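This report concerns only the one structure given below.
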Amino acid sequence: MNDLKYYCLNCGTCCSEVPGSIEYPTYKRIPLYPDEADRLIEIAKERDVPFYIIEDLVFPDEKNKKILVVTWRIKLDNEKKQCPFHDENGCQVHDIKPIACRAYPLAIKQEDAFKSKISIDPLCNWVIKNYDVLSNIDFKQLKEIFPIEFSHAQNHLRRNKNIMLKLKQLENEQKIKIFRKISSKQFDKYLKEWDREEIRV
Ligand code: SF4
Ligand code: SF4
12 MNDLKYYCLN CGTCCSEVPG SIEYPTYKRI PLYPDEADRL IEIAKERDVP
62 FYIIEDLVFP DEKNKKILVV TWRIKLDNEK KQCPFHDENG CQVHDIKPIA
112 CRAYPLAIKQ EDAFKSKISI DPLCNWVIKN YDVLSNIDFK QLKEIFPIEF
162 SHAQNHLRRN KNIMLKLKQL ENEQKIKIFR KISSKQFDKY LKEWDREEIR
212 V
């Protein structure tokens, strides 16, 4: 194939809300681990930046009647539908930006509640430009095309797996009980009624 190497086009799309297409009917999300959320909240306070987060990956804990939060996400509810740390000069928290931003356009794809893997986000403009090649690459080529992002994605995946391991341990010790089957109606009810507890590793 290929001498293809990823470089960022600096288009800023990954810091913005992107309406989904028929093929990918999703909106972009920027997941934050709780310590990353703390750091950005602190910086937002110092710089007087309106910064809000909502839950991203959560599990309802039946035993303690709590919503366990694995990751938060940045709310893009400002006028530009952009991360509030993004401006015409790019990311204003570049040195401490979240691991998901460092790994991008690689992302963690949740295969089921407890399993995830590294994937390529199809909404990045460089990915769209090179989609034909990228849709046929193997794992080795993925590392070669995205060497820096791949190492951040591995850290991201490791953190994700450590959190899942912690949840399983807590379950084995019978300290929590996560619903395996739950209707969306029930889930919405618990989201409204139960307190949040962050899972940190
Ligand atoms: S933290 Fe920086 S890189 Fe991440 S979404 Fe915000 S502006 Fe973009
Ligand atoms: S969408 Fe892709 S090319 Fe554009 S800024 Fe984000 S990572 Fe770079």
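This note's numbering puts the first residue of the sequence shown at 12, with every later residue one more than the last. Here a beta-carbon is modelled for each residue, glycine too, at the ideal position from N, C-alpha and C. Since this is a predicted model, take the numbers as computed values, not measurements.
(message) Nearest by alpha-carbon distance to Trp83: which of Asp67, Gln93, Asp199 and Gln197 is it?
(response) For the residues Asp67, Gln93, Asp199 and Gln197, the minimum Cα distance to Trp83 belongs to Asp67.
(request) Pull up the DSSP beta-bridge partners for Arg207, would you. (result) DSSP, once it has assigned bridges, lists Ile78 as partnering Arg207.
(message) When you measure from the CB of Ile110 to every non-hydrogen atom of ligand 1, does any distance come out below 7 Å?
(response) No - ligand 1 has no heavy atom lying nearer than 7 Å to the Cβ of Ile110.
(message) Given the structure, does Pro30 come close to ligand 2, in the sense that its CB is under 7 Å from one of the ligand's heavy atoms?
(response) False, no ligand heavy atom lies under 7 Å from that Cβ.
(message) Whole angstroms are fine: how far does the CA of Lys120 sit from the CA of Pro30?
(response) In a straight line, the C-alpha of Pro30 is about 19 Å away from that of Lys120.
(request) State yes or no: is the C-beta of Glu208 within less than 8 Å of the C-beta of Lys77? (result) A contact, by the Cβ cut-off of 8 Å.
(request) Select from Arg50, Lys56, Arg170 and Leu168 the residue whose C-alpha is nearest the C-alpha of His105. (result) Comparing Cα positions, the closest option is Arg50.
(request) Using beta-carbon positions only, say whether Trp205 and Leu20 come within less than 8 Å of one another. (result) In this structure, Leu20 does not lie closer than 8 Å to Trp205 by Cβ.
(message) Could you check whether the Cβ of Cys102 sits closer than 7 Å to any heavy atom belonging to ligand 2?
(response) No, ligand 2 has no heavy atom inside 7 Å of this Cβ.
(request) Please classify Asn147: is it buried, with 16 or more other beta-carbons within 10 angstroms of its beta-carbon, or exposed? (result) It is exposed - the Cβ of Asn147 has fewer than 16 other Cβ atoms within 10 Å.
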